[in-house]
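A.B. asks:
Number of protein chains: 2
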Amino acid sequence: MQDTDQSPAERRRLRVRGAILEAAERVFALEGADGLSIRRIADEIDYSPAAIYKYFGSKEELLNELKEAFFGRILESVNTIVDRSEPFAKRARKCTAGYIRTALEKPHHYVAAFAGVAPEMPMSGDLAGFSESNRARAFGILTDLVEEGLESGHFRADLPLLETAKSIWASMHGLAMMIAHFNDFPSMATMPSEMSQDQFIDFHADLVVRSLEAGTEGAR
Amino acid sequence: MQDTDQSPAERRRLRVRGAILEAAERVFALEGADGLSIRRIADEIDYSPAAIYKYFGSKEELLNELKEAFFGRILESVNTIVDRSEPFAKRARKCTAGYIRTALEKPHHYVAAFAGVAPEMPMSGDLAGFSESNRARAFGILTDLVEEGLESGHFRADLPLLETAKSIWASMHGLAMMIAHFNDFPSMATMPSEMSQDQFIDFHADLVVRSLEAGTEGAR
DNA sequence: TATGCGAGTAAACGCTGTTCACAAAATGAA
DNA sequence: TTCATTTTGTGAACAGCGTTTACTCGCATA
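The listed protein sequences derive, respectively, from chains A and B.
Once you know that position 205 of the first sequence is 204 in numbering that gives the first Met the number 0, the rest is easy, because the numbers rise by one and skip nothing.
Once you know that position 76 of the second sequence is 75 in numbering that gives the first Met the number 0, the rest is easy, because the numbers rise by one and skip nothing.
1) Against chain B, with Cβ distances strictly below 8 angstroms, would residue 209 of chain A count as a contact?
2) Using a Cβ-Cβ cut-off of 8 angstroms, state whether residue 74 of chain B counts as contacting chain A.
3) Could you have a look at residue 212 of chain B and say whether DSSP puts it in helix, strand or coil?
4) Since residue 154 of chain A sits in a beta bridge, which residues does DSSP pair it with?
5) Give the straight-line distance between the Cα atoms of residue 218 of chain A and residue 88 of chain A, rounded to the nearest whole angstrom.
6) Measure from the alpha carbon of residue 73 of chain A to the alpha carbon of each residue in A/92, A/11, A/14 and A/101, then state which is nearest.
7) At a CB-CB cut-off below 7 angstroms, which residues of chain B make contact with residue 172 of chain A?
8) Please name the residues in the segment 76 to 108 of chain A whose beta-carbon is closer than 7 angstroms to at least one beta-carbon of chain B, in chain order.
9) Does the beta carbon of residue 202 of chain A sit closer than 8 angstroms to a beta carbon anywhere in chain B?
10) Could you tell me whether the Cβ of residue 180 of chain B comes closer than 8 angstroms to any Cβ of chain A?
11) According to the Cβ coordinates, are residue 158 of chain A and residue 142 of chain A closer than 8 angstroms?
12) So, helix, strand or coil for residue 116 of chain B, using DSSP?
13) Restricting to Cα atoms, I'd like to know which of A/167, A/34, A/70 and A/42 is closest to residue 131 of chain A.
14) Cα-Cα, which of B/181, B/172 and B/83 is closest to residue 147 of chain B?
15) What does residue 116 of chain B reach in chain A if we use C-beta pairs closer than 8 angstroms?
16) What did DSSP end up calling residue 105 of chain A once you bin it into helix, strand or coil?
17) Check the Cβ of residue 141 of chain A against every Cβ in chain B and list those closer than 8 angstroms, keeping chain order.
18) Is it buried or exposed, residue 163 of chain A, if we count other Cβ atoms within 10 angstroms and call 16 or more buried?
19) Helix, strand or coil: how does DSSP classify residue 194 of chain B here?
20) Using CA coordinates, which residue listed in A/205, A/52 and A/212 is at the minimum distance from residue 38 of chain A?
The structure is reproduced here in structure tokens:
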């Protein structure tokens with residue numbers, strides 16, 4: 000019943016907590032993970048460094064919250080891109096390319112969200128936690144898309160749903176990481192590319208979706 | 000003329016330098032980037048931390064050498080996989096899957112090699128340096144493969160060589176990163192997967208190559 | 001034998017995440 | 001209101017980090 004206002008004190012606490020996250024967000028987007036330190040955040044909001052530990056157990060915990068929020072934005076963005084009135088083939092490509100473009104709006108966030116190797120990852124093996132994360136929700140709309148493709152006959156019938164979705168995700172992820180990592184991935188090689196970054200993302204998305212489509216190498 | 004032995008002093012220097020890299024390699028493979036510190040390396044080889052700076056300008060320089068060596072190993076490994084007597088379609092798939100498997104032999108190395116975001120990357124925009132790196136050489140055998148696919152008619156004729164190669168690389172890279180990042184990517188979602196990791200890598204490689212192939216959705 | 005150069009070091013600087021003992025303030029109860 | 005309790009914020013410190021500096025030592029060459 001106590002809707003948003005549980006008490007004057009709680010609201011104050013949430014406000015400070017929000018300010019910390021907002022300051023972290025700001026610094027992080029601008030200077031990346033290297034520029035973000037507890038002391039830097041503390042300076043930004045005119046608190047002492049130790050104060051932050053009243054709101055977050057560790058720096059890692061704080062960062063995880065930032066990353067999760069970022070995935071929420073990707074999720075939302077891809078969701079708004081989806082226009083169910085469009086033909087499936089085009090929609091699938093738009094969705095794929097949209098994920099990559101949204102990820103690249105905040106390259107620091109995206110790279111950080113996938114930093115670290117499995118054993119030392121907190122949430123990697125934790126299936127219970129994963130299924131409630133925004134990552135998982137984003138993955139969910141991907142499996143929905145594949146399912147629709149399978150049921151409508153746009154995709155080859157012998158494709159396994161889950162593995163196909165994960166393969167798509169991996170391919171999207173790969174290009175997002177490459178572009179984030181290299182200064183200008185499309186025109187990186189010795190020979191200059193004719194393609195702009197936007198065109199290249201569409202090209203890649205087309206290949207990814209095309210590999211799943213049934214039919215005789217569909218035109219266009 | 001002076002083959003390997005340029006002088007007794009130089010050899011000693013190279014030996015110590017090698018010991019530093021070897022110690023770094025050892026710690027890095029086991030504990031990842033976080034466990035690797037200059038002081039840790041110094042302990043490992045019984046030197047003082049400052050001594051390392053007589054051999055490497057900075058920690059970053061040392062790490063770059065590790066990464067470059069790692070890409071040399073990937074390059075070598077993928078090269079030995081290639082068996083030109085095999086049919087092209089199979090060879091292309093083996094090559095793609097081989098890259099991913101080799102990358103995953105040392106997940107810490109692979110993730111570290113692609114860590115960081117463009118602006119703060121040393122070699123990202125540096126085309127001259129790139130073209131001589133092992134990364135570039137690995138990319139070279141990829142473009143060769145695509146070229147062969149185009150000329151032999153296995154691949155659709157309208158595919159742009161460079162962009163296609165980069166798209167493949169991105170897709171391979173994506174899966175390698177995903178598996179390295181998540182504890183068990185193939186069976187990560189709520190519903191357990193029927194596919195082993197090895198099978199999934201092959202599945203992904205097949206999709207990647209298939210998206211380029213000409214013909215009427217070739218059987219097998 | 002004298003000179004100079006490179007290898008190696010201890011100590012320090014400034015930075016990091018984190019903890020601890022303590023002060024201040026807000027809260028709830030009498 | 002007044003007192004007690006909990007929460008919030010702080011300054012100082014700890015251990016560790018990459019890196020620099022001033023210094024010593026041993027070796028090679030002139």
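Heads up, the beta-carbon is just placed ideally off N, CA and C, and yes, glycines get one too.
C.D. replies: Looking at the coordinates:
1) Output row for residue 209 of chain A: interface = yes.
2) So no, residue 74 of chain B is outside the interface.
3) In the three-state reduction of the DSSP assignment, residue 212 of chain B falls in the strand class.
4) According to DSSP, residue 154 of chain A shares a beta bridge with A/212.
5) Reliability of the predicted coordinates at residue 218 of chain A is poor, the pLDDT of 39 falling under 50, and the value obtained from them is presented with this limitation in mind. Spanning the two alpha carbons is a distance of roughly 11 angstroms.
6) The residue among A/92, A/11, A/14 and A/101 with its C-alpha nearest the C-alpha of residue 73 of chain A is A/101.
7) By Cβ distance, chain B contributes 173, 176 and 177.
8) For the segment 76 to 108 of chain A, the residues whose beta carbon sits under 7 angstroms from a beta carbon of chain B are, in order, 106 and 107.
9) True, the Cβ-Cβ gap to chain B drops below 8 angstroms.
10) So yes, residue 180 of chain B belongs to the interface.
11) No, the Cβ-Cβ distance between residue 158 of chain A and residue 142 of chain A is not below 8 angstroms.
12) In the three-state DSSP reduction, residue 116 of chain B falls in the coil class, being neither helix nor strand.
13) For the residues A/167, A/34, A/70 and A/42, the minimum Cα distance to residue 131 of chain A belongs to A/70.
14) It is B/83.
15) Residues of chain A with a Cβ closer than 8 angstroms to the Cβ of residue 116 of chain B are, in chain order, 31, 106, 107, 110, 179 and 180.
16) If DSSP states are grouped into helix, strand and coil, residue 105 of chain A belongs with coil.
17) Per Cβ cutoff of 8 angstroms: no residues; residue 141 of chain A is ~10 angstroms from chain B at best.
18) By the 10 Å Cβ count, residue 163 of chain A comes out buried.
19) Secondary structure at residue 194 of chain B: coil, using DSSP grouped into helix, strand and coil.
20) From the listed residues A/205, A/52 and A/212, the smallest Cα separation to residue 38 of chain A is found for A/52.
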